[in-house]
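Just so it is clear: in the sequence shown, position 72 is 53 by this note's numbering, and no numbers are missing.
Just below is one structure, and these are the notes that go with it.
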Amino acid sequence: AITAGGDTEVRRLSPVALSTEDGSVDLINGPMDHGWCGGYTCQQRISTFYALVIVGKEYKLHFTSTQPQSMRYMLLDAAVGDKIKLDIWYAKSQRLDIYYKGKYKAPTNAQKKADGTYSYATDKTAEELYPKISSDAGANFFDSKKHWLSMLIKGPDPFTIKTSPKVIN
């Protein structure tokens, strides 16, 4: 995970917790300070977190800080068919937009209207809307009641999550 916000070097996001289906948790602290003065007031850390994952599995990610407005996720050195399902817990119910290869990936509950905008109303249950490990790259759903963003990451290309200023119910 890589943050892309303007405060990426001065805001401390870590540790982050990545848990697996079997219940194990990896606490990831991120890179060390690369500031120049050695004092606390000028500490700078890039907000990049590396984790070893097994492809074809599901993971849950928790932050100990407020999530940045923009995050990028990728499977480094992955084959085109390698994929994981990643669920990320968000404290706020804001709209989260997923981009893959620079294109917007509508969530599983979105229905495109004639004017090009989206409606997010659906008769399906949340369980039906969560992407499966067999879903297409970028498949995503934000469960506003449980605060989980679920997305499928596939191949070596980055996926970007951008937080929209819109609050959802």
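All residues carry an ideal CB built from backbone N, CA and C; glycine is no exception.
Run of the beta strand (DSSP E) containing residue i, from where it starts to where it stops
i	result
GLU39	39 to 44
ASN121	121 to 124
ASP7	6 to 9
ILE35	Run containing ILE35: none; DSSP gives neither H nor E here.
LEU57	That residue, LEU57, is in no beta strand (DSSP E); it is neither H nor E in DSSP.
ASP63	That residue, ASP63, is in no beta strand (DSSP E); it is neither H nor E in DSSP.
Opening and closing residue of the alpha helix (DSSP H) in which residue i lies
i	result
LEU130	Note, LEU130: premise wrong, no alpha helix (DSSP H); beta strand (DSSP E) at 129 to 135.
Proximal residues to residue i (C-beta, below 6 Å), its chain only, five neighbours per side dropped
i	result
PRO88	ASN121 and PHE122
VAL6	ALA(-2) and SER0
PRO139	ARG53 and MET55
LYS135	LYS64 and ALA118
ASN10	SER(-5) and PRO(-4)
LEU110	THR89, ASN90 and PHE122
LYS82	ASP138
Residues bridged to residue i [DSSP beta-bridge criterion]
i	result
THR1	TYR40
ASP117	ASP117 is not bridged to any residue.
Cβ-Cβ separation, residue j to residue i (assumed contact under 8 Å), whole Å
i	j	result
THR45	PRO(-4)	6 Å
LEU67	TYR40	5 Å
SER28	ASP78	Wrong, their Cβ atoms sit about 20 Å apart, outside the cutoff.
GLN48	TYR71	6 Å
LYS127	TYR80	No, LYS127 and TYR80 are not in contact; Cβ-Cβ is about 23 Å, not under 8 Å.
ILE193	LEU130	Not covered by the structure: residue 193. The range shown for the chain is -18 to 150.
THR141	SER74	Not quite, the Cβ-Cβ distance comes to about 20 Å (not below 8 Å), so this is no contact.
ALA107	ASP124	5 Å
Spatial neighbours of residue i in its chain, beta-carbon cut-off 7 Å, leaving aside the 5 residues before and after
i	result
LYS186	Outside the displayed span of the chain (-18 to 150) sits residue 186, for which this structure offers no information.
VAL61	GLY136
Contacting residues, own chain, Cβ-Cβ under 8 Å from residue i (five flanking each side not counted)
i	result
TYR85	ASP78 and ILE79
* To do: List in chain order: all unbroken alpha helix (DSSP H) runs of 4+ residues lying wholly within the region 72 to 114.
  => 107 to 110
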